[in-house]
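Shown next, in structure tokens, is the structure this report addresses.
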Amino acid sequence: MGEDVHKDKMEVIFRLKELSVALLKALHERRLKELNQLMEARNRVLEEVRAMRDLPPEAVPLLREILIIERASERLAREIKKQLLETATAPPSLH
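For the sequence shown, the positions run 32 to 126 when the numbering used here is used.
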């Protein structure tokens, strides 16, 4: 029984990593229409991980990787937002 719970927890953590990577790729490729759907799916899985107790020790390196990916996504999202704001507020060209 304990082994099944352990396996289930690791599967959820792997799913979170996959969604985090997909979100970063979508940001990088500017597939903005997919972002909302990916973020919602990622947030649901993230809530599952947050609710977990007694995480397996092998989950720690994966969670560190996920944190790095999430930070990269946040930086990229800020850059995209800044670019979009600059584009939206730029005066029209005189060409």
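Backbone N, C-alpha and C fix where the C-beta goes; we use that ideal spot for every residue, glycine too.
Rounded to the nearest whole angstrom, the C-alpha separation of residue 90 and residue 62 is 30 Å. Sequence-distant Cβ neighbours of residue 69 in its own chain, meaning closer than 8 Å and more than five residues away, are 50, 53, 54 and 57. Residue 87 places its beta carbon less than 8 Å from that of residue 41. Positions of the beta strand (DSSP E) runs, each at least 3 residues long and wholly inside the stretch 48–108, cannot be given because no such run exists.
When only Cα atoms are considered, residue 94 and residue 111 end up about 25 Å apart. Annotated three-state conformation of residue 119 is helix, per DSSP. If you compare the alpha carbons of 115, 76 and 117 with that of residue 39, the shortest gap goes to 76. Taking 8 Å as the cut-off, the Cβ atoms of residue 101 and residue 48 do not count as close.
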